[in-house]
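A.B. asks:
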Amino acid sequence: FLLPGIGAQSKTGDLEADLRAVLENGFYQPEGNVIINVARAALYRSQNDDYAVKCMEYIVRLNSIINAWRASV
Numbered sequence: 003f004l005l006p007g008i009g010a011q012s013k014t015g016d017l018e019a020d021l022r023a024v025l026e027n028g029f030y031q032p033e034g035n036v037i038i039n040v041a042r043a044a045l046y047r048s049q050n051d052d053y054a055v056k057c058m059e060y061i062v063r064l065n066s067i068i069n070a071w072r073a074s075v
């Protein structure tokens with residue numbers, strides 16, 4: 003299940019709130035049937051030469067938040 007509305011598409015801008023909404027609406031299953039796509043939010047972190055570093059920092063932060071959330075449900 004591809005989950006839109008995270009990252010640049012988010013109405014809240016709060017990843018943890020978005021993940022809670024996924025859980026509360028029954029979209030998350032512990033077997034891992036959700037793919038979270040945040041391409042645009044990651045790709046456009048910077049317009050400068052540090053773009054790759056900023057992109058990776060964002061992805062690492064998101065992975066940390068997502069993994070902590072998964073461990074708590």
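Residue 74 in my numbering sits at position 72 of the sequence shown, with consecutive numbering throughout.
Backbone N, C-alpha and C fix where the C-beta goes; we use that ideal spot for every residue, glycine too.
Since VAL55 and VAL36 should fall inside the 8 Å C-beta cutoff, what is the C-beta to C-beta distance between them, to a whole number of angstroms?
C.D. replies: Going by Cβ atoms, the distance from VAL55 to VAL36 rounds to 28 Å, so no, they are not a contact pair.
A.B. asks: Buried or exposed: which applies to ALA41, given that a residue is buried once 16 or more other Cβ atoms fall within 10 Å of its Cβ?
C.D. replies: exposed
A.B. asks: Please classify ASP20: is it buried, with 16 or more other beta-carbons within 10 angstroms of its beta-carbon, or exposed?
C.D. replies: Residue burial is scored here from C-beta neighbours: ASP20 has at least 16 other C-beta atoms within 10 angstroms and is therefore classed as buried.
A.B. asks: Pick helix, strand or coil for VAL75, following the three-state DSSP scheme.
C.D. replies: coil
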